[in-house]
Amino acid sequence: MPDVASWLFPWLTITLVLSVGIFVQAAAGFAAGMLIVPTLLWLGYLIPEAGIALLVATIPQNIAGVYALRDSIRAKSILWPGIGRVAFFPLGILALIAIEETFPLVRIRQFVGGVVLAATLATIIYHPVPKAKLSPIWAWIAFPVSGFLQGLVGMGGPAMVFWVSAHDWNTRQIRGFLFAMYLVSLAPAIAMLFAFFGDRLVVPALNAGASIPVLLLATSLGLKFGNWLGRNRLRGVTLGLLFLMGVLGLAAPWIRPG
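Taking the numbering used here, the leading residue of the sequence shown gets 25, the next gets one more, and so forth.
This is the structure:
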C-alpha cells in the first residue's frame, strides 16, 4: 500500500496542476506554461521537471491543433522561426544549470515569479497595431528569445505570442502558427532536456504522460467554458491570476511555509 501511495500522490499532484493549466490554455488561448511551471515549483519540483511535464502534457493538444488548422499553416513560415527557437534552447538550459548550481529553490521561485510578472505586464500593456509584414529583425529577436526562455524557465510562449499579435492574421492563422511552432520544437526540446538532466526527468515525464486522458477532458471542458464565458472576460481573469502568481513568486523568500 505505501508503494502505491508513493506513486499515486505525485501523479495526482502533477495531473491536477497540468489539468488546470491545460484547461485555462484551452479556454483563454494562452498561459499554460506560466501557470504550470511556477505552481509545480511551489510544490517542490525544479524547473527541468516542471518543464518536461509541461512539454509531455501538451503533445496531444499541439498535434490536434496542427491537424485541425492544417489549412492555415504554411510550412515555409515556420521553418526559420522553428530553427531559431530550437537553436537557442540549449543556451537556456546551460543558463538554467548555472542557476540551479548557484541558488536555492526559493530564489529560483522568485526568479520565475519575476519572469511571469514581466510577461503578464507586457501582455497587458503591449497592444501592437497589426501589420501585413514585420521587419525580419523582430523574428530574429522573438524566436531566439523564445527558445532561450523555454530552456531557462520552461516558458517560451510569450515572445512568440507578441510576434504573431503584431501581424494582421486571422485567428486560425495565429493559432495554427503557434500550434505548429510548439509541435516542431517538442521533440528537440524533450531530447535536450533528457540529454542534460537524465534520469531525474523520467518520473515527471511518465506521470505527465499518464495524465493525458484527464488532460484531453480538461481541454474539451476548457474550450466549452471559454465559449460560454467569453474570451475577453476570461482573458482578464487569467491575467489577474498570472499577476498574482508573479507577485507570489517574487515574495517567495518571505512566505515560505513555517
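Yeah, the Cβ is synthetic: ideal placement off N, Cα and C, and Gly gets one too. What you are looking at is a predicted structure, and each value in this text was computed from that prediction instead of being measured.
Name the DSSP beta bridge partners of residue i, please?
i, result
"lysine 155", "His191"
Do you know whose CA, among the options, lies nearest residue i's CA?
i, options, result
"leucine 70", "Ile38, Val208 and Lys100", "Ile38"
"leucine 247", "Pro228, Val48 and Gly181", "Val48"
"leucine 145", "Leu274, Gly270 and Ser170", "Gly270"
"leucine 7", "Ala119, Ala92, Phe33 and Gly68", "No statement about residue 7 is possible, as the shown extent of the chain runs from 25 to 282 and does not include it."
"tyrosine 150", "Ala190, Glu124, Ala119 and Leu265", "Ala190"
"leucine 207", "Val227, Gly180, Ile132 and Phe33", "Gly180"
"leucine 120", "Pro160, Phe220 and Ile46", "Phe220"
"alanine 56", "Leu141, Val44 and Gly116", "Val44"
"threonine 7", "Pro84, Ala213 and Gly89", "Past the boundaries of the shown model lies residue 7; the chain is included only from 25 to 282, so the question cannot be answered."
"phenylalanine 267", "Gly178, Ala242 and Val140", "Val140"
"phenylalanine 112", "Ser209, Pro228 and Leu225", "Ser209"
"isoleucine 83", "Phe33, Thr243 and Lys100", "Thr243"
"glutamine 85", "Val238, Phe249 and Gly260", "Val238"
"leucine 225", "Leu36, Pro72 and Val110", "Pro72"
"alanine 229", "Ile132, Arg257 and Ala81", "Ala81"
"glutamine 134", "Val177, Trp252 and Ala122", "Val177"
"leucine 40", "Ala234, Ala275 and Asp223", "Ala234"
"alanine 275", "Ile46, Val136, Glu124 and Gly116", "Val136"
"phenylalanine 33", "Ala143, Leu265 and Val227", "Val227"
"glycine 222", "Ser159, Gln197, Ile117 and Leu241", "Ile117"
"isoleucine 97", "Ile198, Ala232, Gly260 and Trp252", "Ile198"
"isoleucine 46", "Gly260, Pro160 and Phe249", "Phe249"
"tryptophan 66", "Trp35, Ile132, Phe127 and Lys100", "Ile132"
"proline 160", "Leu241, Ser101, Thr126 and Val261", "Ser101"
List the whole-angstrom C-beta distance separating residue i from residue j, where the pair is believed to meet the contact cut-off of C-beta under 8 angstroms.
i, j, result
"leucine 173", "isoleucine 76", "With a Cβ gap of about 16 angstroms, leucine 173 and isoleucine 76 do not count as contacting."
"proline 152", "glycine 108", "With 8 angstroms as the limit, proline 152 and glycine 108 do not qualify as a contact, their Cβ atoms being about 20 angstroms apart."
"alanine 163", "proline 105", "6 angstroms"
"proline 114", "glycine 175", "6 angstroms"
"alanine 74", "valine 61", "5 angstroms"
"alanine 204", "phenylalanine 186", "Not confirmed; about 17 angstroms, so no contact."
"lysine 155", "aspartate 95", "In fact, because the Cβ distance is near 23 angstroms, the residues do not count as touching under 8 angstroms."
"glycine 138", "glycine 273", "7 angstroms"
"isoleucine 236", "leucine 79", "Actually they do not touch by this definition, with Cβ atoms about 12 angstroms apart."
"leucine 263", "isoleucine 148", "6 angstroms"
"proline 212", "valine 110", "5 angstroms"
"alanine 232", "leucine 103", "Contact flag wrong, Cβ pair sits at about 28 angstroms."
Along the chain, where does the alpha helix (DSSP H) containing residue i start, and where does it finish?
i, result
"tyrosine 91", "83–92"
"alanine 55", "From DSSP, alanine 55 is part of no alpha helix (DSSP H); its letter is neither H nor E."
"alanine 234", "226–234"
Using DSSP with H/G/I as helix, E/B as strand and the rest coil, what is residue i?
i, result
"isoleucine 67", "Per the sequence shown, residue 67 should be read as leucine rather than isoleucine. Here leucine 67 sits in coil by DSSP."
"methionine 179", "coil"
"isoleucine 149", "helix"
"isoleucine 102", "helix"
"alanine 204", "helix"
"glycine 282", "Unreliable positioning characterises glycine 282 in this predicted model, as indicated by a pLDDT of 44, which lies under 50. A coordinate reading is not provided."
"methionine 269", "helix"
"phenylalanine 127", "coil"
"alanine 163", "helix"
"isoleucine 97", "coil"
"proline 34", "helix"
"alanine 77", "helix"
"alanine 275", "coil"
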